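Participant: Position one of the sequence shown corresponds to residue 39 (my numbering), numbered consecutively onward.
All C-beta atoms in this analysis are idealised placements derived from N, C-alpha and C, irrespective of residue type, glycine included.
Remember, it's a predicted structure, so these values are computed and weren't measured experimentally.
This is the structure, below, for whatever I ask next.
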Amino acid sequence: MSIKFSEDIVPMTKMKVNPGRIIRQVSEARRPVLLTSRGRGVAVVQSLKDYEEGAEEIAFLRAVVEGLVDLEEGREVSLKSAKRLLGIK
């Protein structure tokens, strides 16, 4: 996802005047919009679908990192033990 500065940075006043246009833009372009006030970024508007996908991806990556740390620190179990703990035959 690359930002298009000409489209994706929007003053708060435009959001106040036509919020539906901004919502349509983030949904159709699948890019977040940076809202500004007095030239400074104050908020990001993102589609719900993109937000949920990003949150799931972050959770997955955190779990992978935790698993790798567990391996490095010797906190591991055999497949047989894991199956027994989970009640899988």
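Could you compute how far the alpha carbon of I96 sits from the alpha carbon of S40?
Facilitator: Computed Cα separation, rounded: 19 Å.
Participant: Would you identify the three-state DSSP class for R23, choosing helix, strand or coil?
Facilitator: Because the chain is modelled from 39 through 127, residue 23 falls outside the range shown and cannot be assessed.
Participant: Determine the contact status of I60 and V48, defining contact as a CB-CB distance below 9 Å.
Facilitator: yes
Participant: Between V83 and L73, how many whole angstroms is the CB-CB distance? I'm expecting something under 8 Å.
Facilitator: About 6 Å separates the beta carbons of V83 and L73, which is inside the 8 Å limit, making them a contact pair.
Participant: Among all the DSSP beta bridges, which residues are the ones paired with I47?
Facilitator: L72
Participant: Helix, strand or coil: which one does DSSP assign to V115?
Facilitator: coil
Participant: For G79, list the residues DSSP reports as bridge partners.
Facilitator: T74
Participant: Around the Cβ of V102, are there at least 16 other Cβ atoms within 10 angstroms (buried) or fewer (exposed)?
Facilitator: exposed
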